[in-house]
Amino acid sequence: MRSDLIFGALTHVTNRYELCQLASKATRKLHKPNTRVQDTTNEVLDRFKDTIPMDTTAEASAEGLPPTERRAA
Numbered sequence: 000m001r002s003d004l005i006f007g008a009l010t011h012v013t014n015r016y017e018l019c020q021l022a023s024k025a026t027r028k029l030h031k032p033n034t035r036v037q038d039t040t041n042e043v044l045d046r047f048k049d050t051i052p053m054d055t056t057a058e059a060s061a062e063g064l065p066p067t068e069r070r071a072a
């Protein structure tokens, strides 16, 4: 059921509004012609459920990089 997919995706995206926005953008990009939009949406929510949480990847990638210098143009 879709509610199970939504609750599974909410473990990684804590804000429901943000989940809705991300899911709609991903559905538009991943949708294939001659398939149902509902099936694509379910696939997107399933992918959100199985991926690494957003917070840990952003923190991990930011820790390994040296600070960047900004220069005026």
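In terms of numbering that gives the first Met the number 0, the numbers along the sequence shown are unbroken and rise by one, the last being 72. Here a beta-carbon is modelled for each residue, glycine too, at the ideal position from N, C-alpha and C.
Cα-Cα separation, residue i to residue j
i     : j     : result
Lys48 : Arg35 : 20 angstroms
Lys31 : Thr10 : 27 angstroms
Thr50 : Leu4  : 13 angstroms
Lys28 : Glu17 : 17 angstroms
Ala37 : Leu21 : The sequence given here places Gln at residue 37; Ala does not occur at that position. Using only the alpha carbons, I get a separation of about 15 angstroms.
C-beta atoms of residue i and residue j nearer than 8 angstroms
i     : j     : result
Ala25 : Val43 : yes
CB-CB length for residue i against residue j, believed under 8 angstroms
i    : j     : result
Arg1 : Asn41 : 6 angstroms
Simplified DSSP state of residue i, which is helix, strand or coil
i     : result
Arg35 : coil
Val12 : coil
Thr26 : helix
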